[in-house]
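One structure is given here, and the rest of the page talks about it.
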Amino acid sequence: MIAILGAGSLGRLWAAKLPAGQVAFVPRPEQSAAPLRYRFRPINGPELSVQIPWLTNTESPSLLIVTTKAGDTLAALQPLMPRLPETTPVVLFQNGLGSQQRVAQIWPSHPILAATTTEGANRPETELTVHAGQGETWVGALTPAGEARLRKTVSTLAESGLSVNATPDIFDRLWQKLVINAGINPFTAILNCPNGEILAHPFYQQWIDPLCREISKLLTASGQSPRSATALREAIETVACKTATNTSSMRADRLAGRKTEIDFINGYLARLGAELGIDTAVNRMLTDQVEQLN
Ligand code: NAD
Ligand code: KPL
């Protein structure tokens, strides 16, 4: 049985795509026993009716997929990890950085892996999950035991029919996504606009170059592949143009009155700067402004 912790947009996407009958959601303590039912709209083809049971106390999952928001991940895993076999791989799907390292530090003997995905899923209605964008998923190990389970974990996830690949350096992939999220998400949340509209806005134009200079220094100082501030801005703007009409996840969280993941995006970069002695005034300013929106 594959267990999924976090029955939100991304969790429901994986549950709908993995082979029927092999998936269960991890219940919250107060959860009713009735299976979770929802409609699933794939990218192509008709809408499907999905029914997923809740994991029972006696079931021992062969894989745990974690699709909670970054800020909820530790609290969600704490009660579950003591009853999870030390051989069960745990795949963390959170955006940003910081939560993944914390999980690997707390449970270093478990096979902990991290994934980054450009698949897109949302829930325009509580009972409807939409696979909004086809992308790819990269998975890599965070602990030595995770290394040993990487191939098998990737082949299990690939049974979904989604594009899933193994990488020997998941931090490189996580950083690539972090750069994009750090350069788009806070601006869309502060300016309350779709991704493409930030580009013409004076607030974005004032801060994007100093932001990219901070991130470029952080990449080098933390041992990641060096990238110039110009290359980072180009990468950010390419994605902002490709996703011009999208509402970013941070703007969506803000509009829905949910806590954003800013603490694991620009907030992570600001904390890393403080550790490494690199000034990150722009990351701090963006973090503060987004936090004040909540
Ligand atoms: P979401 O808010 O829709 O889902 C998170 C779910 O976790 C919610 O249903 C919430 O109730 C549940 N949860 C929180 N605490 C829990 C606990 N203690 N026990 C059980 N369940 C708990 O968020 P999402 O859009 O699915 O995103 C999840 C993560 O994946 C985020 O870090 C996000 O950035 C990342 N991500 C999402 C997408 C996407 O398309 N949705 C794409 C890439 C990455
Ligand atoms: O990942 C995203 C997000 O919204 O979190 C981007 C790439 C900005 C697309 O909307």
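Mapping the sequence shown onto our numbering, position 228 (from 1) lands on 226, and the numbers just tick up by one. Glycine included, C-beta positions come from ideal geometry on N, C-alpha and C.
If you drop the 5 nearest sequence neighbours on each side, which residues of the same chain put their C-beta closer than 6 Å to that of residue i?
| i | result |
| --- | --- |
| V48 | A14, Y36, F38 |
| R121 | S7, T127 |
| E57 | M(-1) |
| T243 | P192 |
| W205 | V280 |
Restricting to Cα atoms, I'd like to know which of the options is closest to residue i.
| i | options | result |
| --- | --- | --- |
| G43 | V177, F185, N93, H129 | H129 |
| P17 | P25, S30, I0 | I0 |
| L126 | Q290, R10, G4, A254 | R10 |
| G221 | L274, Q20, G181 | L274 |
| A272 | A233, L216, V237 | L216 |
| V137 | A119, T115, P122, A73 | T115 |
| A180 | I41, I168, D167, I196 | I196 |
| E214 | R149, D277, E157, P184 | Before going further, note that residue 214 is Ser rather than Glu in the sequence given. Measuring from the Cα of S214, the nearest candidate turns out to be D277. |
| E145 | A156, L61, L111, A119 | L111 |
| G72 | T86, W52, I104, L53 | Rather than Gly, the amino acid found at residue 72 in this sequence is Leu. Per the Cα distances, I104. |
| Q76 | D207, P27, E117 | P27 |
| A113 | P80, I63, P224 | I63 |
| F23 | E123, I2, A31 | I2 |
| L291 | I188, L46, L53, K150 | I188 |
| A139 | Q132, G133, L148 | L148 |
| G133 | G159, F201, Q29 | G159 |
Can you find the residues in the same chain that come closer than 7 Å, C-beta to C-beta, to residue i, ignoring five residues on each side of it along the sequence?
| i | result |
| --- | --- |
| A143 | S107, H108, P109 |
| A233 | V177, I178 |
| E84 | S107, H108 |
| T245 | P192 |
| A219 | L274, I276 |
| G255 | none |
| T141 | A102, P106, H108, P109, I110 |
| T241 | N193 |
| A238 | I182, N193, G194, I196, L197 |
Considering only residues of the same chain and omitting the five flanking positions on each side of residue i, which have a CB-CB separation below 8 Å?
| i | result |
| --- | --- |
| G69 | S97, K257, E259, D261, F262 |
| R211 | A227 |
| V152 | V137, V162, N163, A164 |
May I ask whether a heavy atom of the ligand KPL can be found less than 8 Å away from the beta carbon of residue i?
| i | result |
| --- | --- |
| T285 | no |
| K175 | yes |
| T236 | no |
| I182 | yes |
| T241 | yes |
| I178 | yes |
| N193 | yes |
| N244 | yes |
Run the proximity test for residue i: is its beta-carbon closer than 8 Å to any non-hydrogen atom belonging to the ligand NAD?
| i | result |
| --- | --- |
| S247 | yes |
| T66 | yes |
| G6 | yes |
| E57 | no |
| V137 | no |
| L11 | yes |
| G94 | yes |
| V24 | yes |
| F38 | no |
| G118 | yes |
| A74 | yes |
| A31 | no |
| L3 | yes |
| D167 | no |
| A112 | no |
What do you reckon, is the C-beta of residue i under 8 Å from a heavy atom of the ligand SAM?
| i | result |
| --- | --- |
| I260 | With respect to the ligand SAM, the structure offers nothing, as its ligand set consists of the ligand NAD and the ligand KPL. |
For chain B, is any of its Cβ atoms less than 9 Å away from the one on residue i?
| i | result |
| --- | --- |
| L126 | Among the protein chains of the structure shown there is no chain B, as only one such chain exists. |
> Is the stretch 275 to 290 in contact with the stretch 222 to 238, if contact means three or more CB pairs nearer than 8 Å?
Replying inline: By the Cβ rule, the stretch 275 to 290 does not count as touching the stretch 222 to 238, because fewer than three pairs are nearer than 8 Å.
>> Three or more C-beta pairs under 8 Å: does that hold for the stretch 263 to 272 against the stretch 91 to 105?
In response: The stretch 263 to 272 is in contact with the stretch 91 to 105.
> Can you list the beta strand (DSSP E) stretches of 3 or more residues lying completely in the stretch 52 to 129, in chain order?
Replying inline: Counting only runs of 3 or more, we get 61 to 64, 88 to 90, 110 to 115, 118 to 123.
> Is it true that the stretch 176 to 192 meets the stretch 242 to 252, where meeting means three or more beta-carbon pairs spaced less than 8 Å apart?
Replying inline: Enough Cβ pairs lie closer than 8 Å, so yes.
>> Does the stretch 80 to 91 come into contact with the stretch 163 to 172, if we say contact requires no fewer than three beta-carbon pairs (one atom in each stretch) closer than 8 Å?
In response: The stretch 80 to 91 makes no contact with the stretch 163 to 172; the number of CB pairs closer than 8 Å stays below 3.
> Can you list the beta strand (DSSP E) stretches of 3 or more residues lying completely in the stretch 140 to 202, in chain order?
Replying inline: Runs of the beta strand (DSSP E) inside the stretch 140 to 202: 162 to 164.
>> Which runs of the alpha helix (DSSP H) at least 4 residues long sit entirely within the stretch 222 to 254? Give them in chain order.
In response: Those alpha helix (DSSP H) runs which fall completely within the stretch 222 to 254 and span 4+ residues are 227 to 240, 247 to 253.
> Taking only runs of the beta strand (DSSP E) that begin and end inside the stretch 1 to 31, which ones reach a length of at least 3 residues, in chain order?
Replying inline: Runs found: 21 to 23.
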